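Structure first, then comments.
Residue numbers (my numbering), protein chains in the order written: chain A, 1 to 337; chain B, 1001 to 1337.
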């Protein structure tokens, strides 16, 4: 069955049926002009939007529909995590060619539903359009956090330690392998990296843990590469940063691959985007508490450098090699234009 | 200057600069991982999302960038109006080719800003992506309304009068003229219809007026054509409807055009989409109050038919001609798939 043989109303009804789960804050979900949900005083509302486009952000030659659905929602949830908030509601706009198999859409919905369930959000709105040029998924996620707990990009102070969760560079490695080998990469030795690219895990528990205990002075998720996102954090905070390359956490998978292929791991770990780890800063006094949180969540939180005074020209980013010499930074991350 | 020669961060900063107006409910707008805004207990949150795609919803051969910006936000604001709510926040995802002139984006922003200002909402989030296949604008609008005032699609009862604001069919006529004559249509005799297609006006004041005075039992905006949207309202309310064709309000422009070209005006007024008028139902006892509201807002609210009991097979839609005979309905509106 192709999508062009179904009606839009039929598709939206299916969407409502599949995604219309219950939520304590939901009054009316998909099926009216807008969704209707409950506001709660004392918590700030968080909202963010993202778009994944076939041929730009993914290729149908290697990305299964279910994982496209998962990733499209996960990356918006990751933004909520980076504020220290929890997601509540999601809205999804889907455009795809009329020749698309209904099964593809079903799988995409399943992926959305996976993340909705694991993130405890409910999908409250959506629309579909027929577009012959590409599969496009736009997501908006609305969340909340107690106002005083929210962690902005702008709170980093000289002397703060820079941390990152998990490992960096795996997603970029996964993308490389997918581009080389197609979907078969999912069965290769490098499967872990591939999955990190196709199915990133938003660090919700870490974000909430850090914000609730007021451990982070500034936070951002690593979507476009460590250096570019650190630059954004530094500019928002009007500070500089020094990163020690040897401390930047990388996976065994990435290390082995780079060793074998004679590649520089730093190009993955410093500039590779889409890891969706949390990059945050904390005063040195919080170090012990961060260690405890890290253990409790079974998620590494690695100190990778320090926040410094800004220069006269503004924020400056330095990366030191193992001898303490500054690396020359040529390409700091991924930008769309 | 082309977009590919600017950086994404530069574009987002410009977005923040241009769109970052003040709003009493805004804590942090564009420039962090998410926006941060104030929740207010006692009012329900409304949210809705839409996408406009070049080649599907508009053509660059006739749609000026500023009006693409205006329309993309207006159609989501119209959904808020159809619930009887007021818009608060907007989020915008834009994808466009790298060869796009910066001026095009500037104009598109101006259009977004026009509607943000006139609708008293603030744009709190956005992202941009380079996509060579089409210009795409996805919008999410978040609004609110006192919970008890919200007008759903599902409240229509047998005996209720069916009303519509303004006139219907102009937008479809405008589209036809644009497709025939290109952008020159904006200077033709049919300019009014063309503008209604390119720059629809969300009926915010009417929506709020009807909901606050509790005059409407059910409401929807006419985005996909009178009959299709009435069908949606009837199905949500589990009722049938009878529309008198001679009462359906059409503009002098449409009447003249159809007379001259020997066309049936009903194909525009019944099935033409994108008028973004409000279609609502009210008990007969509200008639006088609706007349007063209509006069106060200087916006026609025309009774066009009546809600009836559902049939055994469910909702049924009938359109009567001037002799009271049922018209055969062949194509009831616009669906995407």
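Note that the Cβ used here is the ideal one computed from N, Cα and C, for glycine as well.
Being a predicted model, the structure only gives us computed values, none of them experimental.
Per DSSP, the continuous beta strand (DSSP E) segment holding residue 278(A) begins and ends at 278-282. Of the candidates 318(A), 220(A) and 29(A), the residue whose Cα lies closest to the Cα of residue 244(A) is 318(A). Closest by C-alpha distance to residue 1216(B), out of 1031(B), 1184(B), 1165(B) and 1228(B), is 1165(B). At a Cβ-Cβ threshold of 8 Å, residue 1230(B) and residue 1169(B) do not count as neighbours. It is roughly 8 Å from the alpha-carbon of residue 1190(B) to the alpha-carbon of residue 1177(B).
Not flagged as an interface residue toward chain A: residue 1164(B), since no C-beta distance is shorter than 8 Å. In terms of beta-carbon proximity, residue 58(A) stays away from the interface with chain B, with every pair separated by 8 Å or more.
The beta carbons of residue 1092(B) and residue 1026(B) sit no closer together than 8 Å. With 16 or more other Cβ atoms inside 10 Å of its own Cβ, residue 78(A) counts as buried. At a cut-off of 8 Å between beta carbons, residue 1149(B) makes no contact with chain A.
Taking residue 1036(B) as the centre and dropping the five residues before and after it, the same chain places the C-beta of 1027 and 1028 closer than 6 Å to its C-beta, in chain order. A Cβ-Cβ separation of about 4 Å places residue 1076(B) in contact with residue 1141(B) under the 8 Å criterion. The continuous stretches of alpha helix (DSSP H) do not include residue 143(A), which lies in the beta strand (DSSP E) extending over residues 136-146.
Per DSSP, residue 116(A) is one residue of the alpha helix (DSSP H) stretching across 102-119. Neighbours of residue 89(A) across chain B, judged by C-beta separation under 9 Å: 1045 and 1047. 8 Å or more divides the Cβ of residue 49(A) from the Cβ of residue 1314(B).
Against chain A, a Cβ distance below 9 Å from residue 1037(B) picks out 44, 45, 46 and 47. Judged by their CB atoms, residue 242(A) and residue 306(A) are nearer to each other than the 8 Å cut-off.
Collapsing the DSSP output to three states places residue 1161(B) in a strand. Per DSSP, residue 1221(B) is one residue of the beta strand (DSSP E) stretching across 1218-1221. Residue state for residue 30(A) is assigned as strand, using DSSP reduced to three classes.
For residue 307(A), the secondary structure class from DSSP, reduced to helix, strand or coil, is strand. Membership of residue 67(A) in the alpha helix (DSSP H) is indicated by the continuous run 65-81.
Within the model, the alpha-carbon separation for residue 1133(B) versus residue 130(A) is close to 14 Å.
Judged by DSSP in its simplified three-state form, residue 1132(B) adopts coil rather than helix or strand. Taking a cut-off of 8 Å for Cβ pairs, the stretch 1283-1298 of chain B and the stretch 1322-1329 of chain B do not touch, as fewer than three such pairs fall below it. Between the stretch 1081-1095 of chain B and the stretch 1191-1211 of chain B, the count of Cβ pairs shorter than 8 Å is three or higher; the stretches touch. With a contact defined as Cβ atoms closer than 8 Å, residue 43(A) and residue 145(A) qualify at about 6 Å.
Straight-line spacing of the CA atoms in residue 1219(B) and residue 1288(B) works out to 18 Å. Under the criterion of beta carbons closer than 8 Å, residue 1171(B) and residue 1275(B) qualify as touching, at roughly 5 Å. Relative to residue 1235(B), the option among 1156(B), 1174(B), 1214(B) and 1184(B) whose CA is nearest is 1156(B). Rounded to the nearest angstrom, the gap between the Cα atoms of residue 292(A) and residue 301(A) is 10 Å.
Only those residues of the stretch 79-105 of chain A whose C-beta falls short of 8 Å from the nearest C-beta of chain B are listed: 79, 80, 82, 83, 85, 89, 91, 92, 93, 95 and 98. Taking the Cα positions, residue 184(A) is about 20 Å away from residue 258(A). In this structure, the straight-line span from the alpha carbon of residue 1062(B) to that of residue 226(A) is close to 42 Å. Under the three-state reduction of DSSP, residue 95(A) is assigned to strand.
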